[in-house]
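Residue numbers (my numbering): 182 to 454. Only one structure is covered here, and it is reproduced in the block below.
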Amino acid sequence: MRWKLPFSPWHLLLMPLALIFVLPLVQMVLTSFMSSAEINQFPPKLIPTSLHLEGYRHLFAETKALRWLVNSVIVSGIAVVAHLALCSMAGYGFARLKFAGRGLAFVLILATVMIPIQLLMIPTYLMFARIGIVDTLAAAYVPWLASAFGIFLMRQFFLGLPVELEEAALIDGCGRWRTFRSIVLPLAKPALTTLAIITLLWSWNDLLWPLVAISDDSRFTLQIGLANFQGMRRTEWSQLMAGNVLATMPLIIAFLVAQKKFIATMTFTGIKG
């Protein structure tokens with residue numbers, strides 16, 4: 182009698198890989214509940230003997246962590262909403278509308294992905310300084326209003342949708358905008374969810390550009406605030422780990438909620454070209 186595994190053989194490979202990625206996250210959470218003495222002792226302890234909340238108390242009492250969290254939510258929220266609106270309209274235009282220079286314009290937009298962000302910092306900073314948004318939250322979210330990747334993702338998804346659905350709506354008297362809003366967008370929910378998750382991840386974790394454009398600590402995002410926790414002589418590790426937990430958990434929750442649609446979109450856009 183042939184013995185059969187109760188799960189896919191691929192799980193024998195994926196489970197150890199999953200543990201490699203999960204263990205640092207678990208250790209970060211456990212360290213956030215350790216006392217400073219436990220964290221600094223040698224050999225290091227992996228599991229706290231008791232739960233200590235001093236890291237979280239110091240985080241909220243001695244820093245502007247809640248304000249930084251609100252700033253990050255504002256920046257990421259605006260980035261996600263703007264991406265969904267602008268990238269979906271641009272992607273639909275490149276997928277369905279016929280106009281002169283469409284192919285060249287799309288290639289030029291994709292070419293911007295190849296430009297390192299470091300080359301854009303000085304001209305972007307000078308442009309933002311002229312319009313007066315340096316050292317404001319606007320400096321953090323304006324670069325995230327749209328992206329070449331978002332336009333590419335939405336275009337690929339729209340190319341995979343049957344054109345007949347839109348043609349039937351146009352024959353019934355729907356205009357192009359109403360067809361896009363009432364027919365196309367409801368079908369694009371998986372792609373929109375994926376774009377929202379990716380945009381949230383990128384904008385939430387953005388550190389380099391806000392670090393250049395923002396100097397007022399009341400306008401820091403959470404990532405900039407956490408970067409300032411590490412001093413030259415001493416680092417409060419329990420406080421730093423508590424801040425990392427605060428910064429990481431919203432992203433994990435968002436991905437767990439939307440993971441099915443995320444995987445569905447990656448499969449759909451990979452089949453249709």
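Glycine included, every Cβ here is placed at the ideal spot set by N, Cα and C.
Item                                                                                                                                                                                            : Value
Starting from Ile-220, trace the alpha helix (DSSP H) both ways and give me its first and last residue.                                                                                         : 217-221
Identify which residue in Ile-364, Val-210 and Thr-429 has its Cα closest to the Cα of Ala-349.                                                                                                 : Ile-364
Looking at Ala-372 and Phe-338, is the spacing between their C-beta atoms short of 8 Å?                                                                                                         : yes
Run through DSSP, which three-state label would Gly-258 get?                                                                                                                                    : helix
Which of the three DSSP states, helix, strand or coil, is assigned to Leu-198?                                                                                                                  : helix
Spatial neighbours of Ile-255 within its chain, please: CB distance less than 8 Å, with the 5 preceding and 5 following residues excluded, ordered by chain position.                           : Leu-318 and Tyr-322
Pick from Ile-303, Leu-427, Ala-286 and Leu-278: whose alpha carbon is nearest that of Pro-391?                                                                                                 : Ile-303
Using 8 Å for Cβ pairs, my map puts Leu-427 next to Phe-410. What's the rounded Cβ distance?                                                                                                    : 12 Å between Cβ atoms; not a contact.
Kindly indicate which three-state DSSP category Lys-245 falls into: helix, strand or coil?                                                                                                      : coil
Use the C-beta contact count for Glu-243: other C-beta atoms within 10 angstroms, 16 or more gives buried, fewer gives exposed.                                                                 : exposed
Shortest alpha-carbon distance to Met-270 belongs to which of Thr-305, Ala-423 and Arg-336?                                                                                                     : Arg-336
Can you grab the Cα-Cα spacing for the pair Asp-387 / Leu-351, in whole Å?                                                                                                                      : 42 Å
List, from N- to C-terminal side, the alpha helix (DSSP H) runs of 4 residues or more that fit wholly inside the stretch 333-378.                                                               : 344-352 and 357-360
Starting from the C-beta of Asn-425, find all residues in its chain whose C-beta is less than 8 Å away, skip the five residues before and the five after it, and write them out in chain order. : Met-209, Ser-213 and Leu-407
Using C-beta distances below 6 Å, list every residue in its chain close to Leu-267, excluding the 5 sequence neighbours before and after it, in chain order.                                    : Ala-327
Since Gly-284 is in the alpha helix (DSSP H), which residue starts that stretch and which ends it?                                                                                              : 283-292
Of the residues Pro-224, Ser-217 and Asn-252, which one's Cα is nearest the Cα of Gln-404?                                                                                                      : Asn-252
Look at the alpha carbon of Thr-375 and the alpha carbon of Ala-439, and state the distance between them as a whole number of angstroms.                                                        : 8 Å
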